[in-house]
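Presented below is the structure to which this report refers.
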Amino acid sequence: MSHPDLPAEQAHLDRAYDCLAAMRTSTARALAVAADGAAQEADAAVVEATLRRRLRALEVDVPGLAFGRIDHEASGPVHHIGRRHVEDDGGDVVVLDWRVPAAVPFYRATASDPQGLALRRRYATEGRTVEALFDEDFAALLDGGTDEGVPRAGGVPDPLLAELERARTGSMRDIVATIQAEQDEVIRAPLGECVVVQGGPGTGKTAVGLHRAAFLLYEHRVYLDETGVLVVGPNPTFLRYIAQVLPSLGETAVRQVTVAGLVGRARADDPPARAAVLGDARMAEVLRRAVAALVSKPDGGAELATSWGVVRIDAGELADAVDEVAARNVPSNIGRVALRTRLLRLARADVDRRRGEGVVPAGALEGSLPRDRAFVKLLHGLWPATTAPALMRRLLSNGRALAEASAGVLDDRERALVRRPVAKGLADERWSLAEQVALDEAASLLDGTTTTYGHIVVDEAQDLTAMALRALARRCPSGSMTVLGDLAQATAPGGQRSWDEALRELASPTGAPVRLVELELGYRVPAPILEVANRLLADAAPHIRPARSVRADGPAPVFIAADGVDELAATVVATAIDRAGHGHSVGVVATPANASAVTTLLAGHEGVVVLAPSDVKGLEFDVVVVVEPAAVVASLDDAAAGARLLYVALTRAVQELVVVHHEALPAAIAG
Numbered sequence: 001m002s003h004p005d006l007p008a009e010q011a012h013l014d015r016a017y018d019c020l021a022a023m024r025t026s027t028a029r030a031l032a033v034a035a036d037g038a039a040q041e042a043d044a045a046v047v048e049a050t051l052r053r054r055l056r057a058l059e060v061d062v063p064g065l066a067f068g069r070i071d072h073e074a075s076g077p078v079h080h081i082g083r084r085h086v087e088d089d090g091g092d093v094v095v096l097d098w099r100v101p102a103a104v105p106f107y108r109a110t111a112s113d114p115q116g117l118a119l120r121r122r123y124a125t126e127g128r129t130v131e132a133l134f135d136e137d138f139a140a141l142l143d144g145g146t147d148e149g150v151p152r153a154g155g156v157p158d159p160l161l162a163e164l165e166r167a168r169t170g171s172m173r174d175i176v177a178t179i180q181a182e183q184d185e186v187i188r189a190p191l192g193e194c195v196v197v198q199g200g201p202g203t204g205k206t207a208v209g210l211h212r213a214a215f216l217l218y219e220h221r222v223y224l225d226e227t228g229v230l231v232v233g234p235n236p237t238f239l240r241y242i243a244q245v246l247p248s249l250g251e252t253a254v255r256q257v258t259v260a261g262l263v264g265r266a267r268a269d270d271p272p273a274r275a276a277v278l279g280d281a282r283m284a285e286v287l288r289r290a291v292a293a294l295v296s297k298p299d300g301g302a303e304l305a306t307s308w309g310v311v312r313i314d315a316g317e318l319a320d321a322v323d324e325v326a327a328r329n330v331p332s333n334i335g336r337v338a339l340r341t342r343l344l345r346l347a348r349a350d351v352d353r354r355r356g357e358g359v360v361p362a363g364a365l366e367g368s369l370p371r372d373r374a375f376v377k378l379l380h381g382l383w384p385a386t387t388a389p390a391l392m393r394r395l396l397s398n399g400r401a402l403a404e405a406s407a408g409v410l411d412d413r414e415r416a417l418v419r420r421p422v423a424k425g426l427a428d429e430r431w432s433l434a435e436q437v438a439l440d441e442a443a444s445l446l447d448g449t450t451t452t453y454g455h456i457v458v459d460e461a462q463d464l465t466a467m468a469l470r471a472l473a474r475r476c477p478s479g480s481m482t483v484l485g486d487l488a489q490a491t492a493p494g495g496q497r498s499w500d501e502a503l504r505e506l507a508s509p510t511g512a513p514v515r516l517v518e519l520e521l522g523y524r525v526p527a528p529i530l531e532v533a534n535r536l537l538a539d540a541a542p543h544i545r546p547a548r549s550v551r552a553d554g555p556a557p558v559f560i561a562a563d564g565v566d567e568l569a570a571t572v573v574a575t576a577i578d579r580a581g582h583g584h585s586v587g588v589v590a591t592p593a594n595a596s597a598v599t600t601l602l603a604g605h606e607g608v609v610v611l612a613p614s615d616v617k618g619l620e621f622d623v624v625v626v627v628e629p630a631a632v633v634a635s636l637d638d639a640a641a642g643a644r645l646l647y648v649a650l651t652r653a654v655q656e657l658v659v660v661h662h663e664a665l666p667a668a669i670a671g
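First residue of the sequence shown? That's 1 in the working numbering, and the numbers climb one at a time after it.
In structure tokens:
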């Protein structure tokens with residue numbers, strides 16, 4: 001039996017869509033007028049840009065425009081909560097944007113703390129249709145009722161669980177209709193905080209980070225439109241997966257990129273041990289010393305021939321000039337410019353002493369002397385200009401330079417790992433990703449950081465090296481960041497083992513407060529699957545508290561033993577095709593050696609994605625087929641890291657997990 005208020009709620013939603021369409025039409029008219037005047041007036045151009053952004057946010061094809069309602073006690077106001085702010089022609093609110101303070105009780109009200117609500121109603125929607133209503137009658141509870149007395153819309157399941165049971169489409173959806181209280185607290189954290197979210201599989205940390213970005217864009221529109229928001233993901237596949245979340249919430253002006261997209265694409269691979277050394281925080285000190293070593297104290301004074309006679313600058317003045325500029329602690333190439341100015345002043349002072357002030361016209365000496373070869377040689381000898389690639393290339397190829405810069409920082413083994421043959425020319429160098437990150441550090445030491453953002457969201461942060469975290473921190477001088485990760489899923493060389501260590505690299509010069517939040521409840525992975533995967537943590541990440549799933553029901557993982565390698569691939573393919581044929585999204589997780597035969601057999605079949613274990617972080621599928629767990633573990637040199645990689649693979653399924661193997665299963669999951 002349907003809820004008696006269903007027709008009324010459907011009518012309200014229909015009206016909301018009509019009002020949104022009217023708002024879009026009105027904005028389009030205003031944009032046309034602004035565009036006519038934009039060519040003549042700068043102010044009109046600003047108005048036009050604002051209206052274009054507003055027009056994009058007023059996209060009418062928004063499924064589930066409103067997804068709930070809250071009624072306050074004592075005949076208080078009734079608010080419909082949704083993805084956009086919608087008002088009618090008279091300016092009366094039809095739908096409240098989920099980010100406004102008045103919407104907070106929708107997410108945080110509980111039986112013990114109703115937050116002034118008499119009723120919370122959630123919609124189960126499909127497109128523009130309200131299919132069911134789910135009520136929580138707080139007024140009845142306050143009058144002495146029990147949970148059993150709360151109307152449940154004729155037994156319709158909780159919309160959160162219904163959403164979790166829905167088939168995946170290959171793209172991440174927003175969770176705005178089902179945000180839980182502990183997630184909402186992170187989402188609404190102040191702009192000035194760096195919030196680090198530790199969360200196991202399915203706890204919603206990625207969605208929380210994206211929704212915090214949407215919330216901050218709403219709360220601080222002008223500031224973040226000017227300074228920008230950056231979302232950093234682990235790989236392009238992940239970025240494609242999350243690409244529609246922010247646009248579905250009306251936010252399109254956000255840059256989404258990988259670390260490689262920020263610092264430069266890798267053209268070579270590193271052995272894990274070398275990548276770990278290059279990514280270690282100590283490399284920042286090595287590079288700092290290498291840059292500092294560029295600066296030299298003078299051997300003696302300088303004599304420079306000019307049109308106004310020989311200019312003399314004694315050694316003490318030169319040394320003082322170098323010390324004074326070095327004490328400013330500015331980027332090296334900027335310091336060089338400052339030293340050049342200081343030397344010109346010293347030259348001017350000497351000419352004025354000998355010839356008298358005002359004899360040499362103002363600017364004449366300063367205009368001619370910088371072109372003098374002796375002056376250029378003097379400046380270069382004291383403080384040479386260089387580039388990050390040239391500096392890095394010298395460290396890689398010059399054993400003495402590396403030894404001096406890393407004395408007491410790296411040991412001989414680590415120095416041997418860092419060194420490598422260099423290309424014939426600087427333009428021919430094929431930098432690895434770890435080298436690109438080090439180059440980014442060197443560039444900041446030489447020239448400073450050029451592009452910064454008002455807020456950064458970084459996902460899968462546990463796999464970023466200390467040097468990569470520093471690269472992100474440089475781009476967010478305010479310290480306003482959302483850092484998302486799970487230490488139990490750390491598998492990359494030089495990745496994080498402790499958030500305390502990571503926070504040292506993320507520390508802002510402004511002293512922005514840092515808060516570590518742990519999301520413990522998993523919503524995506526069914527408990528039977530999570531329980532099996534959690535068995536790996538005793539050895540893989542003993543210091544991490546295993547996540548717990550709210551989804552108690554669900555099938556236990558299926559383990560299929562194949563008789564040989566050929567049967568292994570055939571079984572994987574048959575299983576994947578069968579599940580895809582039932583309308584499920586299917587992900588096959590296999591090491592490259594096992595993926596090859598599977599991919600060949602899957603040729604022509606749609607609906608199945610084959611991915612390496614390292615590429616599935618953050619993704620989810622209805623059905624996941626994990627191929628040869630022992631091979632997944634063995635794919636990394638470190639056994640604990642291999643176990644963490646298997647943990648990642650086992651926790652990508654939201655409905656069913658199938659494990660197909662020929663080799664013996666790892667002991668932790670063999671039971």
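We put the beta carbon where it would ideally sit given N, CA and C, even for glycine.
Can you give the Cα-Cα distance for residue i and residue j, rounded to whole angstroms?
{"i": "Tyr647", "j": "Glu663", "result": "18 Å"}
{"i": "Ala177", "j": "Asp97", "result": "11 Å"}
{"i": "Ile242", "j": "Leu619", "result": "9 Å"}
{"i": "Pro201", "j": "Asp486", "result": "8 Å"}
{"i": "Tyr453", "j": "Leu210", "result": "16 Å"}
{"i": "Asp18", "j": "Glu251", "result": "21 Å"}
{"i": "Leu382", "j": "Val295", "result": "6 Å"}
{"i": "Thr451", "j": "Leu472", "result": "11 Å"}
{"i": "Leu117", "j": "Val62", "result": "27 Å"}
{"i": "Arg504", "j": "Gln496", "result": "12 Å"}
{"i": "Arg24", "j": "Gly90", "result": "15 Å"}
For the alpha helix (DSSP H) that contains residue i, what are its first and last residues?
{"i": "Ala653", "result": "No alpha helix (DSSP H) contains Ala653, which is instead part of the beta strand (DSSP E) from Ala653 to His661."}
{"i": "Ala227", "result": "Contrary to the premise, residue 227 reads as Thr rather than Ala in this sequence. Where Thr227 is concerned, the enclosing alpha helix (DSSP H) stretches over Arg221 to Thr227."}
{"i": "Ala102", "result": "Looking at the DSSP string, Ala102 is not in any alpha helix (DSSP H), and its letter there is neither H nor E."}
{"i": "Glu185", "result": "Ala181 to Ile187"}
{"i": "Leu378", "result": "Arg373 to Leu382"}
What distance in whole Å lies between the Cβ atoms of residue j and residue i, which are believed to be in contact at a cut-off of 8 Å?
{"i": "Val572", "j": "Val588", "result": "6 Å"}
{"i": "Val86", "j": "Leu20", "result": "5 Å"}
{"i": "Thr449", "j": "Arg475", "result": "6 Å"}
{"i": "Leu439", "j": "Val196", "result": "About 27 Å; that fails the 8 Å criterion."}
Quick check on DSSP: helix, strand or coil for residue i?
{"i": "Gln244", "result": "coil"}
{"i": "Cys476", "result": "coil"}
{"i": "Leu73", "result": "Going by the sequence as given, residue 73 is Glu instead of Leu. It is coil, neither helix nor strand."}
{"i": "Ala66", "result": "strand"}
{"i": "His582", "result": "coil"}
{"i": "Arg15", "result": "helix"}
{"i": "Leu410", "result": "coil"}
{"i": "Leu619", "result": "coil"}
{"i": "Ala691", "result": "Outside the displayed range of the chain (1 to 671) lies residue 691, so it cannot be described from this structure."}
{"i": "Glu518", "result": "strand"}
{"i": "Ala667", "result": "helix"}
{"i": "Leu217", "result": "helix"}
{"i": "Gly451", "result": "Here residue 451 is Thr; the residue named in the question, Gly, does not match the sequence. Thr451 falls in the coil class under three-state DSSP."}
{"i": "Val360", "result": "coil"}
{"i": "Asp320", "result": "helix"}
{"i": "Leu396", "result": "helix"}
Would residue i and residue j be called neighbours here (beta carbons separated by less than 8 Å)?
{"i": "Leu249", "j": "Arg420", "result": "no"}
{"i": "Ala442", "j": "Met392", "result": "yes"}
{"i": "Pro389", "j": "Glu429", "result": "yes"}
{"i": "Arg348", "j": "Leu365", "result": "yes"}
{"i": "Val624", "j": "Ala653", "result": "yes"}
{"i": "Ala253", "j": "Asp270", "result": "no"}
{"i": "Ala321", "j": "Leu304", "result": "no"}
In the DSSP assignment, the beta strand (DSSP E) including residue i goes from what residue to what residue?
{"i": "Gly485", "result": "Met481 to Gly485"}
{"i": "Tyr123", "result": "Leu117 to Glu126"}
{"i": "Ile560", "result": "Val558 to Ala561"}
{"i": "His79", "result": "Val78 to Gly82"}
{"i": "Asp500", "result": "No beta strand (DSSP E) holds Asp500; the alpha helix (DSSP H) holding it covers Trp499 to Leu506."}
{"i": "Thr199", "result": "Checking the displayed sequence, the identity of residue 199 turns out to be Gly instead of Thr. Element bounds for Gly199: Cys194 to Gly199."}
{"i": "Arg255", "result": "Arg255 to Thr258"}
{"i": "Ile491", "result": "The question names Ile, but residue 491 in the sequence shown is Thr. That residue, Thr491, is in no beta strand (DSSP E); it is neither H nor E in DSSP."}
{"i": "Ala349", "result": "Per DSSP, Ala349 belongs to no beta strand (DSSP E); it is in the alpha helix (DSSP H), Ser332 to Arg355."}
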